[in-house]
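Line order of the protein sequences matches chains A and B. Counting in the numbering used here, the first sequence runs from 1 upward without gaps. Counting in the numbering used here, the second sequence runs from 739 upward without gaps.
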Amino acid sequence: MQQGSPAPALQGSRVAIAGNPNTGKTTLFNRLTGLSAKVGNYPGVTVERESGTMRLERFGAVELTDVPGTYSLTARSAEELIAIQAICGLHPLERPDAVLLVVDATQLTRNLYLALQVIETDIPVVIALNMIDMLAATGIEIDVAALERELGVPVVAISAQHNRGLDDLRAALDRVLENPRCGRPGPRWIPESRELQQDVRSVAERLPALWKLDEVQRREALALWALLSLDEHDEIQGVPQALRQVVVERRRLAAAAGREIDAEIIRGRYEWIDRRASSFLKQSARPRSSLTDRVDRLLLHPFLGFTTFLIAMGVVFQALFSWADPAISTIEGAVGWLKELVVGALPPGLAADFVGDGLIEGVGSVVVFLPQIMLLFFFIGVMEDTGYMARVAFLMDRLMKSIGLHGRAFVPMMSGFACAVPAILATRTMERQRDRMLTMMVVPLMTCSARLPVYSLMIAALFPPDTVLGFVPVQGLLMVAMYVFSTLVALLAAAVLGRTLFKGPRVPLLLEMPPYRSPHWPSIGAMMWRKSMVFLTEAGTGILACTVIMWALLTFPRTGEHDAAFDARRAQAEASSAEGEQRAELLASIENERRARALQHSYGGRLGHAMEPLIEPLGFDWKIGVGLLGAFAAREVFVSTMGVVYGMGEDVDDQSVGLRQRIKQETRDDGRPVYTPLVGLTLMVFFAVACQCMSTLAAVRRETKSWRWPAFLFVYTGLLAWLLAFAVHQGGRLLGFA
Amino acid sequence: MTSLDLLSPGAHARLISIGGERAFRCRLMELGLLPGTLVRLVRRVDVGGVLEVEVRGCRLSVRHGEARQLKVETVDG
């Protein structure tokens, strides 16, 4: 094959990149694909599938697909099934032409366990022996040629971080793609005992035909996989029941004979590795780098470790909360400028309204999330890359476990204080679907920054600037109380949902504590970029559509006859003797009144009216109902919607003295004030709990690939919010607060 | 014979057996924690309820409750 005859699959070759977690697989993936990588999803599960194009000298553009990091091909859940599917090309995934297996040279024997499994499946393999530059510090020596001999596949020593050995790696991939036999040595380890061989044969007979079992070796490898993976309780779909039954039966028979199939297979592979290790591995007595030990002594210290962690989280929180602010303001400014520019160029009317308030505002409401998303993923990238994330899960495990959450859920939960949207995207750092779902269902309960304008308007308008105990300001106390309340509700919801809806088998915590390493900045940048693009294209479309729908709800039907009446008044004002500012004020007040009227007549206004019986027990009138509807676009919109409802225009904010005054003066038909401190408190409780945020719902939809979960989130938080608000309002009345 | 959660930091031990559910045992064994393997307790973080062990040059963290399922005999480092 060396000369002449071009390989059949010269174009469109596919390579899968696999390996243990923390082996630098992602860094290598980014090195090989540059910025060409795209994010998709593996079919049927919410596991991200990154793939990009790698350039090889002979084979040209080759598609490189990232397989989630795994310690073995053994699977128990749908997510873990991906590795074997992607490597073996089991239905519904296509078989790659070769597998690039990344192996951490500093932890060779443990990594070779996966390598043996992959080689068994009879797919052409190239091994990238990564972190070769770290060997000197750990006192390990590896004879690459000997390792290559023992494994029978090309082994290339590289350092992805320092860009070393990558040309050799590409050349090796070229060779294996051209001549697959040189990467397919046949199985290295074969079950020794007759009993185990018998187990493998009887399981192999039941493998589904869909798995393209053209070769004996592949069949036996998949039979071994089934023996380790399947049992009565596995969550693996797409496996015929007959196969599962035969595995369970063989295991039962073996147990009766005093054998343990799992241990025999796993021990067999490790013994194979250990028997040969002396030929390629020399380990001097010196243990691994003590730098990690020294750093861990601080970062995992019972007291100092927590303190450092809280400081780190404080920095992340501060960044999302205020460092993102200039970028957010810039985006909002740019959107406003663009809107003015475009609307000014269009003739006034429906089209201009649609483009300005529907489309441009809609796009703006998507883009405005990017600064926080990028910042959060920057911090997550740094925490993952350095190895600190594993320590976070370690420190937080007991606390989080007690409320049924994964240790890693801490970062998304805390980010939820800034904004639920990036927090929901960050649930990706948890591997198990159950942990991700549970976290997504409670993150929106955390007090996000968009709730602040609502709280601050209510508190400033309805509660006196007094102090209690002589020095504690009532208003500040209320704000803190809202944070504490929302956090308690979130934790309680997690505890309840985790024990009911998301009740699952308890998963033992088994985390690797990787040595600390310096982050690979280009990889972090690439991840931030990809996350942002995914958000824009997938969640963004949903948010944009909802913005347009909300705009339509609050705009249609148009009130032609009223417009005529307002036009007459406007003409009258213009013709009047009022000059300059006075006239402008008069015109503005007419316009504000017109908008209030239009809003009342819109579908949204009518919905507000229709909702009245539903929200009456909470002490809300229909105008608050319209505000709640408007808040669905984004919570802070509540304030500007209230501005329009009360005929003050939409350019109000929570600091507007006029709006605060107006709220205080608003009365019911019988002359009682609409807003009492109790109503304000009820409204804040409702806002704290209800997930009335379409961006959050769109993000959940994007992460879960289903409408069921956003619908569930919306309904359960809505009901809970109503009940809690009802309890507060009616309870308050019983206690004598008006 | 004792269990992994009772070791003191720095202690070396040989793994004798792993209890608990099949999935848990499988996972530990695949990470190299096979009976007969030498392990070292690196540190205990009692506030987190977790401890860190070294096996085959890798560091793993395990919860106290699960570490109780790992029977070991101490050996001299």
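C-beta: ideal position from N, C-alpha, C; glycine also.
DSSP state of residue i, grouped into three classes?
i, result
"ALA751 of chain B", "strand"
"ASP98 of chain A", "Position check: residue 98 of chain A holds Ala in this sequence, whereas Asp was assumed. Looking at ALA98 of chain A - three-state DSSP - the assignment turns out to be strand."
"SER415 of chain A", "helix"
"LYS38 of chain A", "strand"
"ASP174 of chain A", "helix"
"ARG778 of chain B", "strand"
"THR537 of chain A", "helix"
"PRO673 of chain A", "strand"
"ASP739 of chain A", "Not covered by the structure: residue 739 of chain A. The range shown for chain A is 1 to 738."
"LEU56 of chain A", "strand"
"ILE590 of chain A", "helix"
"ARG164 of chain A", "strand"
"VAL454 of chain A", "helix"
"ALA7 of chain A", "Bear in mind that a pLDDT of 44 at ALA7 of chain A, under 50, signals an unreliable position, so the number given afterwards is only what the model happens to contain. In this structure, ALA7 of chain A counts as coil in the three-state DSSP scheme."
"ALA16 of chain A", "strand"
"GLU148 of chain A", "helix"
"THR667 of chain A", "strand"
"GLN582 of chain A", "helix"
"GLY292 of chain A", "In the sequence on display, residue 292 of chain A carries Thr and not Gly. Of the three classes helix, strand and coil, the one that applies to THR292 of chain A here is helix, per DSSP."
Could you tell me the distance, in whole angstroms, from the CA atom of residue i to the CA atom of residue j?
i, j, result
"VAL342 of chain A", "LEU350 of chain A", "13 Å"
"CYS182 of chain A", "ARG175 of chain A", "8 Å"
"VAL442 of chain A", "LEU697 of chain A", "12 Å"
"VAL126 of chain A", "THR106 of chain A", "18 Å"
"LYS623 of chain A", "THR667 of chain A", "11 Å"
"ALA552 of chain A", "GLY358 of chain A", "8 Å"
"GLU324 of chain A", "ILE459 of chain A", "The sequence given here has Ala at residue 324 of chain A, not Glu. Rounded to the nearest angstrom, the two C-alpha atoms are 25 Å apart."
"GLU585 of chain A", "GLU591 of chain A", "10 Å"
"GLY238 of chain A", "ALA75 of chain A", "13 Å"
"ILE615 of chain A", "LEU607 of chain A", "12 Å"
"GLN661 of chain A", "PRO464 of chain A", "13 Å"
"GLY69 of chain A", "THR429 of chain A", "12 Å"
"GLU120 of chain A", "SER278 of chain A", "22 Å"
"ALA226 of chain A", "THR308 of chain A", "44 Å"
"ARG188 of chain A", "VAL153 of chain A", "11 Å"
"CYS691 of chain A", "GLY718 of chain A", "7 Å"
"PHE566 of chain A", "ARG594 of chain A", "7 Å"
"ARG269 of chain A", "ARG294 of chain A", "34 Å"
"ARG218 of chain A", "VAL788 of chain B", "40 Å"
"LEU510 of chain A", "ALA393 of chain A", "10 Å"
"MET313 of chain A", "ALA610 of chain A", "44 Å"
"ARG434 of chain A", "PHE502 of chain A", "6 Å"
On the DSSP bridge assignment, give the partners of residue i in chain order.
i, result
"LYS809 of chain B", "B:SER741 and B:SER755"
"SER51 of chain A", "A:LYS38 and A:THR65"
"GLU141 of chain A", "A:LYS282"
"SER129 of chain A", "The sequence shown places Leu at residue 129 of chain A, rather than the Ser named in the question. Looking at the DSSP assignment, LEU129 of chain A forms a beta bridge with A:VAL103 and A:ALA157."
"LEU724 of chain A", "In the DSSP output, where bridge partners are listed per residue, LEU724 of chain A has none listed."
"GLU790 of chain B", "B:ARG781 and B:SER799"
"THR467 of chain A", "A:PRO473"
"GLU512 of chain A", "B:LEU798"
Thinking C-alpha only, which one of the options is nearest residue i?
i, options, result
"LEU399 of chain A", "A:ASP669, A:LEU491 and A:ALA257", "A:LEU491"
"LEU724 of chain A", "A:VAL67, A:GLY619, A:GLU120 and A:THR307", "A:GLY619"
"GLY525 of chain A", "A:MET437, A:VAL246 and A:PHE377", "A:PHE377"
"MET739 of chain B", "B:ARG794, B:ALA751 and B:VAL780", "B:ALA751"
"VAL810 of chain B", "B:VAL791, B:GLY795, B:ARG797 and B:CYS796", "B:VAL791"
"ALA327 of chain A", "A:VAL355, A:LEU375, A:SER284 and A:GLY362", "A:LEU375"
"LYS282 of chain A", "A:GLU431, A:LEU147 and A:ARG31", "A:LEU147"
"LEU100 of chain A", "A:GLY40, A:LEU554, A:SER290 and A:VAL62", "A:VAL62"
"LEU81 of chain A", "A:ARG170, A:VAL102 and A:LEU222", "A:LEU222"
"PRO422 of chain A", "A:GLU703, A:TYR71, A:LEU32 and A:ASN22", "A:GLU703"
"LEU224 of chain A", "A:CYS448, A:ARG201, A:GLU232 and A:GLN241", "A:ARG201"
"HIS162 of chain A", "A:ARG31, A:ARG267 and A:ALA631", "A:ARG31"
Run the proximity test for residue i: is its beta-carbon closer than 8 Å to any non-hydrogen atom belonging to the ligand NAD?
i, result
"PRO613 of chain A", "Of ligands this structure carries none, so the ligand NAD is not represented either."
Check each residue of the stretch 60–81 of chain A: if its Cβ is closer than 9 Å to any Cβ of chain B, include it; give the result in chain order.
-> TYR71, SER72, THR74 and ARG76
Contact residues within the stretch 261–276 of chain A, judged by C-beta distance below 7 Å to chain B | ASP262, ALA263, ILE266, ARG267 and TYR270
Would you list, in chain order, the members of the stretch 780–791 of chain B that have their beta-carbon closer than 9 Å to a beta-carbon of chain A?
-> VAL780, ARG781, VAL783, ASP784, VAL785, GLY786, GLY787, VAL788 and GLU790
Select from the stretch 793–809 of chain B all residues with a C-beta closer than 7 Å to any C-beta belonging to chain A, and list them in chain order.
-> ARG794, GLY795, CYS796, ARG797, LEU798, SER799, VAL800, ARG801 and GLU804
Could you run through the stretch 508–537 of chain A and flag, in chain order, every residue whose CB is less than 7 Å away from some CB of chain B?
-> PRO508, LEU509, LEU510, LEU511, GLU512 and MET513
Got a sec: which bits of the stretch 296–329 of chain A sit with their beta carbon under 9 Å from any beta carbon on chain B, in order along the chain?
-> ASP296, ARG297, LEU300, HIS301, PRO302, PHE303, GLY305 and PHE306
Cβ-based contacts, 9 Å cut-off: residues of the stretch 758–771 of chain B near chain A | GLY758, GLU759, ARG760, ALA761, PHE762, ARG763, CYS764, ARG765, LEU766, MET767, GLU768, LEU769 and GLY770
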